[in-house]
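Plus 10 on top of the position in the sequence shown (first one is 1) and you've got my numbering. All residues carry an ideal CB built from backbone N, CA and C; glycine is no exception. Being a predicted model, the structure only gives us computed values, none of them experimental. Take a look at the structure below.
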Amino acid sequence: MFEAGALAKSLDQSRVIPLLIGVEPADLSGPLTQFQAARFDRPDVRRLLSVINAQLGSEALEETVLASVFEKWWPDLETKITSIIHTLISSGTKSARTDREILEEILELMRDRVFRSVRLQGTTLRQGDVLSRPIDELLITARTANILKAESIYTIGDLIDHSENQLLKTPNMGRKTLNEIKEVLAAIDIELKGNGEVS
Numbered sequence: 011m012f013e014a015g016a017l018a019k020s021l022d023q024s025r026v027i028p029l030l031i032g033v034e035p036a037d038l039s040g041p042l043t044q045f046q047a048a049r050f051d052r053p054d055v056r057r058l059l060s061v062i063n064a065q066l067g068s069e070a071l072e073e074t075v076l077a078s079v080f081e082k083w084w085p086d087l088e089t090k091i092t093s094i095i096h097t098l099i100s101s102g103t104k105s106a107r108t109d110r111e112i113l114e115e116i117l118e119l120m121r122d123r124v125f126r127s128v129r130l131q132g133t134t135l136r137q138g139d140v141l142s143r144p145i146d147e148l149l150i151t152a153r154t155a156n157i158l159k160a161e162s163i164y165t166i167g168d169l170i171d172h173s174e175n176q177l178l179k180t181p182n183m184g185r186k187t188l189n190e191i192k193e194v195l196a197a198i199d200i201e202l203k204g205n206g207e208v209s
């Protein structure tokens with residue numbers, strides 16, 4: 011998911027086709043949904059190879075050669091992958107991820123989705139329009155929003171009128187919280203006032 015999220019940020023340059031084994035396209039979530047997936051079956055894998063071959067330019071195989079090679083080797087590949095799947099299922103192997111990792115990924119994906127939407131739909135917005143928006147639209151945590159509101163920081167404009175030093179002097183504001191704020195601002199190409207070193 012993390013790698014797919016990074017690739018999704020440059021959709022015009024990325025060439026990605028998720029190969030689904032034991033998963034349907036409708037089961038995908040997050041950045042993977044932005045790519046055209048292929049199931050691990052004969053028609054989709056054949057299509058996948060054709061797409062890859064087409065990107066090779068002068069090094070591409072002739073379609074008749076590709077078709078012949080695919081028909082020869084597909085049964086072997088299908089047998090080996092199916093064997094691996096059965097082994098994994100019988101051994102109960104699964105990838106274990108902590109709740110924190112999952113929550114952090116969800117937060118990252120949500121931020122990216124919102125801010126890319128702002129960029130695509132809001133590129134015509136004047137900066138003044140963005141600055142007048144409430145800080146709640148930044149998808150910062152409720153704790154961070156409450157810390158800022160306690161200092162009468164209610165809009166994005168209020169927020170960027172402060173430097174890093176000023177924010178760090180705010181009660182309950184630590185470096186981690188400050189970094190969270192800087193990251194969400196960077197996503198919409200906005201920075202805090204000044205760039206002085208923090209004492």
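query, result
"Reduced DSSP category for Leu149 - H, G, I as helix; E, B as strand; rest coil", "coil"
"Identity of the residue in Val61, Glu161 and Arg25 nearest Lys179 by Cα", "Glu161"
"Exposed unless 16 or more other CB atoms sit within 10 angstroms - verdict on Ile94", "exposed"
"Start and end residues, alpha helix (DSSP H) containing Arg57", "Arg52 to Ala64"
"Option nearest Val33 by Cα separation, candidates Lys90, Leu158, Arg49 and Pro41", "Arg49"
"Thr165: first and last residue of the uninterrupted alpha helix (DSSP H) it sits in", "Segment: none, Thr165 is in no alpha helix (DSSP H) and carries neither H nor E."
"N-terminal and C-terminal residue of the alpha helix (DSSP H) that Ser100 is part of", "Glu73 to Ser101"
"For Lys186, the first and last residue of its enclosing alpha helix (DSSP H)", "Arg185 to Ala196"
"Nearest candidate by alpha-carbon position, reference Asn175, set Thr187, Leu113 and Leu38", "Thr187"
"Arg121 in three-state terms, based on DSSP", "helix"
"Beta-carbon spacing of Ile27, Ile91 below 8 Å", "no"
"Sheet register partners of Ala48 (DSSP bridge)", "Leu29"
"Identity of the residue in Gly184, Asp168, Arg56 and Pro53 nearest Ile200 by Cα", "Asp168"
"Pair within 8 Å by beta-carbon distance, Ile166 and Leu148", "yes"
"Stretch pair the stretch 35-44 + the stretch 64-83: three plus CB contacts closer than 8 Å", "no"
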